[in-house]
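Participant: I'd like to ask you about the structure that follows.
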Amino acid sequence: MKDLSAFQPARGLRNPHAQTVVGRIVRRRFEPRYNRVRLDTDDGDFIDLDLWRGAEAPSGLCLLLHGLEGSARSGYMVTTGEALAAAGIQAVALNFRSCSGEPNRLPGAYHSGRTDDIERALDWMAARFPGLPQTAVGFSLGGNALLNLVGREVGGRGLVAAAAVSVPYDLESSADALQRGIGRVYGRRFLRSLREKAREKAVRFPDVVAPAAARARTIREFDDRLTAPIHGFRDAADYYARCSAKRFVASVDLPMLLVHGQDDPLAPGNSVPIETIRKRPNLSLALTERGGHLGFVGRG
1 MKDLSAFQPA RGLRNPHAQT VVGRIVRRRF EPRYNRVRLD TDDGDFIDLD
51 LWRGAEAPSG LCLLLHGLEG SARSGYMVTT GEALAAAGIQ AVALNFRSCS
101 GEPNRLPGAY HSGRTDDIER ALDWMAARFP GLPQTAVGFS LGGNALLNLV
151 GREVGGRGLV AAAAVSVPYD LESSADALQR GIGRVYGRRF LRSLREKARE
201 KAVRFPDVVA PAAARARTIR EFDDRLTAPI HGFRDAADYY ARCSAKRFVA
251 SVDLPMLLVH GQDDPLAPGN SVPIETIRKR PNLSLALTER GGHLGFVGRG
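Next up, the structure:
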């Protein structure tokens, strides 16, 4: 395997914000080639899976999990799906609730520690493609949720291997990063989408969703007003403490690659539980000096 920790940024892209922004731009050159499948959930909601149209006889399966307010159409999801298809692997992109272009049916949606929809997707994949080995890749929030799953469940729900990129291992640190300095630019971008969804839900579920959520000025405020209470947490601090991926790394028992840039502006490099990871022989850490958040735009 190529030594990912030796990553060298493209010329002119040593700045973490340049990596983060340009990574988003350059990965839009592919149009996704998906077939959509809708799955009902046990609680009366639904999730949408997008299956990459690739090899007719795939040799394996890979579930892709996007980040906060992303979707199957996010650039990093599309380029990963393209690479997997070229390798003969069936990529299945899970759109978290309310992220597939259609509002979900219930007041709650998704969060950094929610794993039941990931489990539903994996179970469907195993039934739809029996006998094929399953892997998963999570990006940012999706990586945090994936670590929650494989760290809590012995055997990792049948996964043979997994990977996670730019994970916010400490959710509180990431929330803080999004409300100071240039991080506020990223925070405002996320909030535009989150507040719009909160307004729609406040109309549909006035007894459950407080209108104040749509006026949140920071991600922490939004999590305090909506994410935490709607999903059974006491407040944002409780949500962050219980769902941060750093809690679950030591319990992961399957082979897993963890990729992170030390200069990540959204998930600070000092939040990566390096010593815990290095003590686990099944975990591989590619900790690069540069790369930003889901950037990693390299030379060549």
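Counting from 1, one number per residue, gives the positions in the sequence shown under my numbering.
Beta carbons: idealized from backbone N, C-alpha and C, even for Gly.
Values in this document were obtained by computation on a predicted structure and should not be read as measured data.
1. In this structure, does DSSP put Gly60 in helix, strand or coil?
2. Unbroken alpha helix (DSSP H) runs of length 4 or more, entirely within the region 233-292: which are they?
3. Could you pull the DSSP bridge partners for Leu159 from this structure?
4. Just the C-alpha distance for Asn282 and Leu68, rounded to the nearest angstrom, thanks.
5. Counting only runs that start and end within the region 31-113, where is the alpha helix (DSSP H) found for 4 or more residues in a row?
6. Can you check which of these residues, Phe296, Asp117, Tyr34 and Leu171, is closest to Phe46 by C-alpha distance?
7. May I have the straight-line CA-CA distance separating Glu313 from Asp207, to the nearest angstrom?
8. Looking at the strands, I want to know which residues DSSP matches up with Val203.
9. Name the residue from Ala145, Pro255 and Lys197 whose alpha carbon lies nearest to the alpha carbon of Leu285.
10. Helix, strand or coil for Phe296? Go by DSSP, reduced to three states.
11. Can you look up Phe129 in the DSSP assignment and give me helix, strand or coil?
12. By DSSP, does Val165 sit in helix, in strand, or in coil?
13. Does the beta-carbon of Ile230 have 16 or more other beta-carbons within 10 angstroms, so that it is buried, or is it exposed?
14. What residues are listed by DSSP as bridge partners for Val139?
15. Is it buried or exposed for Lys279, if we count other Cβ within 10 angstroms and need 16 for buried?
16. With distance defined between alpha-carbon atoms, name the residue in Met125, Val165, Ala91 and Leu106 nearest to Asn144.
17. Do Ala228 and Ala216 have their CB atoms nearer than 8 angstroms?
18. What is the residue span of the alpha helix (DSSP H) that Ala213 lies within?
19. Does DSSP classify Asp223 as helix, strand or coil?
20. I need the boundaries of the alpha helix (DSSP H) containing Leu171, first residue and last residue.
21. Between Gly138, Ala214, Pro268 and Leu122, which has its C-alpha nearest Gly158's C-alpha?
22. Using a threshold of 8 angstroms, state whether the C-beta atoms of Asp263 and Gly232 are closer than that.
23. Quick one: using the 10 Å Cβ neighbour count with 16 as the cut-off for buried, is Asp50 buried or exposed?
24. I need the DSSP call for Arg180, collapsed to helix, strand or coil.
25. Does DSSP put Val150 in a helix, a strand or coil?
26. Using a Cβ-Cβ cutoff of less than 6 angstroms, which residues in the same chain neighbour Cys99 once the five nearest sequence positions on both sides are dropped?
27. Can you give the Cα-Cα distance for Tyr34 and Pro168, rounded to whole angstroms?
28. Any heavy atom of the ligand FMN closer than 7 angstroms to the beta-carbon of Ile47?
29. Find the nearest neighbour of Phe96 within the set Tyr110, Tyr239 and Gly269, judged by alpha-carbon distance.
Facilitator: Taking the definition as stated:
1. In the structure shown, Gly60 sits in a strand (DSSP, three-state: E or B).
2. The region 233-292 contains these whole alpha helix (DSSP H) runs: 236-243 and 274-278.
3. Note: Leu159 is bridge-paired with Gln134 in the DSSP secondary-structure output.
4. Computed Cα separation, rounded: 27 angstroms.
5. Annotation: the region 31-113 contains the following complete segments of the alpha helix (DSSP H) (minimum length 4 residues), in chain order: 75-86.
6. Cα-wise, what sits closest to Phe46 is Asp117.
7. Lying outside 1 to 300, the shown extent of the chain, residue 313 is not represented and no answer is given.
8. According to DSSP, Val203 bridges with nothing at all.
9. When C-alpha distances from Leu285 are compared across Ala145, Pro255 and Lys197, the shortest belongs to Pro255.
10. For Phe296, the three-state secondary structure derived from DSSP is coil.
11. In the structure shown, the three-state DSSP call for Phe129 is coil.
12. Taken through DSSP and simplified to helix, strand or coil, Val165 comes out as strand.
13. Around the beta carbon of Ile230, 16 or more other beta carbons sit within 10 angstroms, so the residue counts as buried.
14. Going by the sequence as given, residue 139 is Phe instead of Val. Phe139 is bridged by DSSP to Val165.
15. Burial is judged here by how many other beta carbons sit within 10 angstroms of a residue's own beta carbon; Lys279 has fewer than 16 and is exposed.
16. Nearest of Met125, Val165, Ala91 and Leu106 to Asn144, Cα basis: Val165.
17. No; because the gap between Cβ atoms is not below 8 angstroms, this pair is not in contact.
18. No alpha helix (DSSP H) contains Ala213, which DSSP labels as neither H nor E.
19. Looking at Asp223 - three-state DSSP - the assignment turns out to be helix.
20. Bounds of the alpha helix (DSSP H) holding Leu171 are Leu171 to Ala177.
21. That would be Leu122, whose Cα lies nearest to the Cα of Gly158.
22. No, the Cβ-Cβ distance between Asp263 and Gly232 is not below 8 angstroms.
23. Result: buried.
24. In the three-state reduction of the DSSP assignment, Arg180 falls in the coil class, being assigned neither a helical nor a strand state.
25. Looking at Val150 - three-state DSSP - the assignment turns out to be helix.
26. Same-chain partners within the cutoff: Ser71.
27. For Tyr34 and Pro168, the distance between alpha carbons rounds to 28 angstroms.
28. By its list of ligands, the structure shown contains no ligand whatsoever, and the ligand FMN lies outside what it can speak to.
29. Taking only the C-alpha atoms, the option nearest Phe96 is Tyr110.
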